[in-house]
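Here the protein sequences line up with chains A and B, keeping their order.
The first sequence begins at 0 in numbering that gives the first Met the number 0 and counts up by one.
The second sequence begins at 0 in numbering that gives the first Met the number 0 and counts up by one.
Just so it is clear, CB atoms sit at the ideal spot from N, CA and C, and this is done for glycine as well.
I have placed the structure first, in the form of structure tokens, so that the comments after it can refer back to it.
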Amino acid sequence: MRMEIISNRQGITLIALFIMGSTLVLGIGADAKQDAWLAILLAVLLAVPMMAIYARLLSLYPEKNLYDILDTVFGKLFGRLVALLFTWYVFHLGAMVLRNFQEFIKVVAFPETPEFVPIMLMGILCIWAAKEGVELLGRWSQFIMIILSAIIVIVVLLCMKDADFDNLRPVLYNGVGPVISSAFGIFSFPYAETFVFTAVFTFSKVRNSPLKVYLKGLILGTVFVLLVSLRNLLVLGPDLIEQVYFPSYAVVGIVNIGDFLQRIEVTVAVVFLFSGFAKISVCLLAASKGVDYIFGLGNYRQIVAPVGLLMMVSSHIIYQSIMEMQEWAFDIYKYYAFPFQVLLPVVIWIAAELKAKRAKPDGSVRHPPRV
Amino acid sequence: MKRRKIWILLLCYLLISSVLSGCWNYREVESFAIISGFAVDKKDENYLLTFEIVNVESGKDTVISTKHVTSEGTTVFDAVRKTIKMVGKRLYFSHAEVVILSKEVAEEGIVPILDWVARDAEPRSTLHYLVSKEGPAGEILEQQSMTSDVLAYELSDMLKAQRSLSNALDTEEWQFMRDMATKGLSATLPTVRLTNDDNKVLPEISGAAIFKEDKLVGFIDGEDTMTMMFIKDEIKGGLLVNKEYKGDSVTNMSLEILTSKTKLKPRYADNKITMEIVTETNVAIDENGGRDNYLEGEALAKLKSDFETMLQDNIRNLVKSMQEEYDCDTFGFGRAIKIKLPRVWKQIEPQWSEVYKTVEVEVHSTINIRNTSFESKPVKVGD
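Okay, here's the thing in structure tokens:
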């Protein structure tokens, strides 16, 4: 079994891409109106302690991922039960992102293409990537991040011609209530979803610092999320943003520099394609590792393809329509995800801390051999 | 072993490139009817849509010609799809640039048209909207074009060129939708009508259609539109003209606007809202058509203050007529109050349309004359 250890920088870019994932194209914080940027900042503040917990888990048990930790902390049976819950969550998350991708393609580009075609193409690529493991995703993300950040920054600059700073004012017109409730939504989508990485990353004690990777990834991802959200707000204004499914796409469609530089919506699709690919692959990887652990298969690679295919199928059946997807993503998801993003990690963390403390007097923690 | 791998790879390449390339629904250019613009009229209860279809015939020389088709339907999309009966191809809207609405359609409410055009994925949100001031909208689209091959594109060029005339405010679909959605701001669209020019009928874009919510309530002419653009801080160019500028004799004076900046500063005192409109305009004297010299000294100062007064009067009059005749907050006073005085706006928002009529206006216009163009003196006339 190869060790799957990635460098700090790769971890950071992968987390940043994951955060950007479907966020950039679906848009976040619409219910906070012109204060969406404040809601995002508030959500980041909420996310920092949560991420510290995720990172603490990883640094308590270096060279182990979430499932190994569950095994050590809760034992074979109960650990598997918790892993089952978590595996369901990442599997579902991956299916949702896949569906976001498919709905986006269907609405903006290929209305007549059967749904399974884009899902199949994307899904097979993700299966391949997940099969190659997290090192490949890490290297790939480090490389693609440069291209994506260049695209995003250039497009944001091009949009500035139509920006109207009055769209941001008056600040806090409706009070802090909507900002806080919207921040809660943004916290669960996308920030706290990064819990998935505890199942994917295995950090070596010497080379990596999980907390640094998490926080830097958070900052990098937030910079782009904030940049894009502000751009959408400045150009479209809070009222129109609520009216469209994909605000970024609508904004970029407006760009027209001297009748020459126009119709550059494809940039939005490219950014979504790549960051969505990262998000789906990470979810698939985490889900496969979960299945591997639950059934004691010994190697997650052989289960990636079946899990991926299942994910593709379930992405097709989780929603009837894009309206349902929208309702789920912005109204229901935050409550559904809360136990998986906050309760479960906190319980695991407390148990892990206790276990580690108890184990200390005897010298070292005894880990079962890696499977 | 290695050879077999290469063969398998080659097979994959061939399969992928032949099976997966291109779109699912592969369509040739010839199978579309490309729409450059369309006009919406009402006929009884139905919508009557006129489309301008662009035909590109390639050969030795590319020939671009246009054809027109009119179709009737109960809803907008119904009318669009029914063109298939006549054209035999599906209309393709991604290259459409102009939508002309007739007065009747706009008076009934623009939402039914706007919704389909915005909702359908093909038309772009950068479409330019126009309101036909008199006569059916379809008739305008059926005229011969002057400078380009396609009339709709010519109309769109005319709108874009308005930045150096400022007699109409070019409004793209998304801007109109944004303004319409904004509280404390009434949207406007530019207007178009047909004029006769030596037995040739030409469309002319000038003036603005005033909307209250989504319904047309009136028109203002080109000069008032320019004043409106001053208040809305949309001036990017244009002329300030005074034809009978009287010193000792009549002199034509034209100032060309270089840049202009307007600020709306609402004040609230004693239950009364005062809107201070501050404009600062940089201009160049581009015409001193007479013997008197207004280019230096006291005459220049007088010229400056006269034009300032003129602009201030125009603004005051327009605001007054908007408040009294149309009852439309076209200038976004409400929005300015919301931004600058959010607490006051919270109180007055429910009664805004009544409060709006009582808003007092204070205008301060500054005109900075930056240069006198190429000539430093009036044209010299000796004997």
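Under 8 Å, Cβ to Cβ, is there at least one residue of chain A near Arg266/B?
Arg266/B does not count as touching chain A.
Return the CA-CA distance between Gln346/B and Val234/A, expressed in angstroms with no decimal places.
The alpha-carbon atoms of Gln346/B and Val234/A are separated by roughly 28 Å.
Considering only residues of the same chain and omitting the five flanking positions on each side of Ile349/A, which have a CB-CB separation below 7 Å?
Nothing meets the Cβ criterion.
On a Cα-Cα basis, can you pick out the residue from Thr187/B, Asp196/B, Val98/B, Leu302/B that is closest to Met145/B?
Comparing Cα positions, the closest option is Asp196/B.
Pull up the distance between the alpha-carbon of Ala180/B and that of Thr22/A, whole angstroms please.
Near 25 Å, if we compare the C-alpha coordinates of Thr22/A and Ala180/B.
As an exercise, report each continuous beta strand (DSSP E) stretch of at least 3 residues that is fully enclosed by the segment 24–84 of chain B, in chain order.
Within the segment 24–84 of chain B, the complete beta strand (DSSP E) runs of at least 3 residues are 31–42, 45–56, 62–72.
Residues in its own chain within less than 7 Å of Glu44/B by CB, not counting five upstream and five downstream?
Counting only Cβ-Cβ distances below 7 Å, and skipping sequence neighbours, we find nothing.
Tell me whether Lys199/B sits in a helix, a strand or coil according to DSSP, three-state version.
Strand at Lys199/B.
Which partner residues does Val345/A have in the DSSP bridge list?
The partner list for Val345/A (beta bridge, DSSP) is empty, contrary to what the question assumes.
For Glu255/B, which of Asp269/B, Ala268/B, Gly237/B has the nearest alpha-carbon?
The option with the nearest alpha carbon to Glu255/B is Gly237/B.
Distance check for Asp161/A and Arg162/B, CA to CA, integer angstroms please.
So the two alpha carbons sit approximately 15 Å from each other.
Would Ala249/A count as contacting chain B if we go by Cβ distances under 8 Å?
Chain B contact via Cβ: present.
Below 8 Å on the Cβ atoms is my guess for Met252/B versus Leu317/B; work out the distance and round it to an integer in Å.
In fact, because the Cβ distance is near 22 Å, the residues do not count as touching under 8 Å.
Closer than 7 Å by C-beta to Leu296/A: which residues in its own chain qualify, once you throw out the five before and the five after it? Chain order, please.
So the list reads Ile302, once near-sequence residues are dropped.
Comparing the C-beta of Asn255/A with each C-beta of chain B, is any distance below 8 Å?
It does: the Cβ of Asn255/A has a partner Cβ on chain B nearer than 8 Å.
If you reduce the DSSP assignment to three classes, tell me which class Gln350/B lands in.
If DSSP states are grouped into helix, strand and coil, Gln350/B belongs with the helices.
In chain A, what lies closer than 7 Å to Met419/B by C-beta?
In the structure displayed, chain B extends from 0 to 382; residue 419/B sits before or after that span and is not available.
Within this structure, are the beta carbons of Leu129/B and Pro189/B separated by less than 8 Å?
For Leu129/B and Pro189/B, yes; Cβs fall inside 8 Å.
Going along the chain, which residues of the segment 285–317 of chain A sit with their C-beta nearer than 7 Å to a C-beta in chain B?
Here the close residues number zero.
Would you decide whether Glu171/B is buried or exposed? Buried here means 16 or more other CB atoms lie within 10 Å of its CB.
Burial call: buried.
Should Ile27/A be labelled buried (16 or more other beta-carbon atoms within 10 Å of its own) or exposed?
Classification for Ile27/A: buried.
Helix, strand or coil for Ala268/B? Go by DSSP, reduced to three states.
Three-state result, Ala268/B: strand.
Please return the same chain residues whose Cβ sits closer than 6 Å to the Cβ of Phe329/A, not counting the five positions on each side in sequence.
Answer for Phe329/A: no residue qualifies.
Answer yes or no: do Ala285/A and Ala198/A have a C-beta to C-beta separation smaller than 8 Å?
It is a contact, given that the beta carbons lie within the stated cut-off.
On the DSSP letters alone, give me the boundaries of the beta strand (DSSP E) that Tyr91/B sits inside.
It spans 89–91 - the beta strand (DSSP E) in which Tyr91/B sits, taken as one unbroken run.
Would you identify the three-state DSSP class for Phe210/B, choosing helix, strand or coil?
Phe210/B: strand per DSSP, three-state reduction.
Count Cβ pairs between the segment 270–284 of chain A and the segment 135–143 of chain A that sit closer than 8 Å; are there 3 or more?
A contact exists between the segment 270–284 of chain A and the segment 135–143 of chain A.
List, in chain order, every chain A residue whose beta-carbon is nearer than 7 Å to that of Pro111/B.
Per Cβ cutoff of 7 Å: no residues; Pro111/B is ~16 Å from chain A at best.
Quick one: give me the first and last residue of the beta strand (DSSP E) that Tyr128/B is part of.
Element bounds for Tyr128/B: 127–131.
From the DSSP output, in three-state form, read off Met252/B for me.
It is a strand residue.
List the residues of chain A whose Cβ lies closer than 7 Å to the Cβ of Ser124/B, in chain order.
Chain A residues near Ser124/B: Ala249, Gly252, Ile253.
Quick one: is Arg369/A near chain B, going by C-beta distance under 8 Å?
Bear in mind that the predicted position of Arg369/A carries a pLDDT of just 47, short of 50, making it too unreliable to give a figure here.
Going by beta carbon distance, what residues of the same chain come within less than 7 Å of Glu233/B, once the five residues before and after it are set aside?
Counting only Cβ-Cβ distances below 7 Å, and skipping sequence neighbours, we find Leu168.
Using the C-alpha atoms, what's the distance from Gly20/A back to Ala108/A?
Spanning the two alpha carbons is a distance of roughly 19 Å.
Count the other C-beta atoms from every protein chain shown that fall within 10 angstroms of the C-beta of Phe373/B, then say buried if there are 16 or more, exposed otherwise.
Burial call: exposed.
Applying a beta-carbon distance threshold of less than 8 Å, which residues of chain B neighbour Gly236/A?
The contacting residues are Arg177, Ala180, Thr181.
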